[in-house]
Amino acid sequence: MALPLFSPSDDPGPNFAGLIRRMQVADGPHGTALPAVTASGAFTVPGLGDVRHGTTVAALRFADGVVMAGDRRATEGHSIAHRAMEKVFPADRFSAVAIAGAAGPAVEMVRLFQTQLEHYEKVEGVVLSLEGKANQLGQMVRDNLAMAMQGLAVVPLFAGYDLARGTGRIFTYDVTGGHYEETEHNATGSGGRDARTTIKLGYRVGLSRDSAVELAIEALYEAADEDSATGGPDVVRGIYPLVATVTADGFQAVADTEVAERFATLIERRQAEGRQP
Numbered sequence: 015m016a017l018p019l020f021s022p023s024d025d026p027g028p029n030f031a032g033l034i035r036r037m038q039v040a041d042g043p044h045g046t047a048l049p050a051v052t053a054s055g056a057f058t059v060p061g062l063g064d065v066r067h068g069t070t071v072a073a074l075r076f077a078d079g080v081v082m083a084g085d086r087r088a089t090e091g092h093s094i095a096h097r098a099m100e101k102v103f104p105a106d107r108f109s110a111v112a113i114a115g116a117a118g119p120a121v122e123m124v125r126l127f128q129t130q131l132e133h134y135e136k137v138e139g140v141v142l143s144l145e146g147k148a149n150q151l152g153q154m155v156r157d158n159l160a161m162a163m164q165g166l167a168v169v170p171l172f173a174g175y176d177l178a179r180g181t182g183r184i185f186t187y188d189v190t191g192g193h194y195e196e197t198e199h200n201a202t203g204s205g206g207r208d209a210r211t212t213i214k215l216g217y218r219v220g221l222s223r224d225s226a227v228e229l230a231i232e233a234l235y236e237a238a239d240e241d242s243a244t245g246g247p248d249v250v251r252g253i254y255p256l257v258a259t260v261t262a263d264g265f266q267a268v269a270d271t272e273v274a275e276r277f278a279t280l281i282e283r284r285q286a287e288g289r290q291p
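Just so we're aligned: 203 in our numbering is position 189 of the sequence shown, and the numbers increase by one with no gaps anywhere.
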């Protein structure tokens with residue numbers, strides 16, 4: 015397949031979503047119309063039934079960067095649809111994105127976002143700034159607004175290490191694509207309120223990496239205790255929330271063994287204090 019050529023006035027440049035829209039084929043291989051692809055990468059499909067939703071994700075700053083965490087449960091109405099869904103992804107080497115909302119459009123949005131950042135770097139020869147990445151994700155959320163009005167809302171959480179400023183930064187979004195920088199921490203999803211409260215009570219400026227990971231884990235534990243759509247640690251199946259850090263050394267996932275040990279320590283500490291685990 016030959017590479018497409020565009021006139022100067024029609025060149026999509028580093029915008030990968032714009033490139034896809036220009037190359038979209040009107041008809042499928044058998045003469046049937048293809049589903050419309052929005053800039054968020056979501057497909058418009060009629061007759062939707064129950065839709066899987068992802069729930070609680072959180073992020074907080076620490077001395078060397080940011081910690082991002084998310085539970086693993088996806089729900090369909092009042093049922094558990096999936097017990098090991100991934101909700102925390104590397105956007106690129108120095109940033110991460112976590113998803114809450116309709117699972118299908120959310121995962122597609124993340125994949126398109128990852129591709130967009132890689133495409134921009136290849137076309138422009140430089141890495142997009144952290145604020146530029148936040149703006150790109152906001153545009154994708156805004157382009158999903160029509161689907162959000164039909165109940166397929168996607169509300170991501172974006173965080174990364176700003177190489178220019180030498181610090182971690184966190185951005186939150188609303189369904190209209192508006193994005194807002196948070197000073198120290200935030201959480202979103204159905205259990206977001208309980209997670210935010212837990213982080214707010216335990217947060218201190220300049221936390222170490224270990225303390226920040228412990229606080230993120232405790233926040234998800236409290237959210238799971240209050241919100242049925244948020245999954246806690248599943249010791250029997252060996253399923254634990256996803257936790258990752260982003261520092262000057264890049265994105266790094268926290269090993270499941272470490273997360274399991276920290277959950278065990280949290281439960282033991284509560285039992286020693288006479289509190290219900």
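Think of the CB as a built atom: it goes at the ideal place given N, C-alpha and C, for glycine as much as any other residue.
Predicted model only: the values in this text are computed from it and were never measured.
Query                                                                                                                                                        : Result
Quick check on the DSSP output: what are the complete alpha helix (DSSP H) runs of length 4 or more inside the segment 122 to 197, in order along the chain? : 144 to 157, 159 to 162
Between the beta-carbon of Thr186 and the beta-carbon of Ala114, is there less than 8 Å?                                                                     : no
I need the DSSP call for Thr69, collapsed to helix, strand or coil.                                                                                          : coil
Please name the residue, chosen from Tyr134, Val169, Thr261, Val273, that lies closest to Ala178 on a Cα-to-Cα basis.                                        : Thr261
Starting from Phe265, follow the beta strand (DSSP E) in both directions and report where the run begins and ends.                                           : 264 to 267
Work out the CA separation of Val257 and Ile94 for me, nearest whole Å.                                                                                      : 21 Å
Hey, quick one: how far does the beta strand (DSSP E) through Ser93 stretch, first residue to last?                                                          : 93 to 96
Thinking Gly174 and Ala110 are a contact (beta carbons under 8 Å), I'd like their distance in whole angstroms, please.                                       : 7 Å
Between the segment 80 to 93 and the segment 130 to 137, do at least 3 Cβ pairs fall closer than 8 Å?                                                        : no
Would DSSP call Asp78 helix, strand or coil?                                                                                                                 : coil
Name the one or two DSSP bridge partners that Ala258 has.                                                                                                    : Met82, Ala267
Give the straight-line distance between the Cα atoms of Thr244 and Leu159, rounded to the nearest whole angstrom.                                            : 25 Å
Would you identify the three-state DSSP class for Asp239, choosing helix, strand or coil?                                                                    : helix
Find out if the Cβ-Cβ distance for the pair Ala238, His193 is shorter than 8 Å.                                                                              : no
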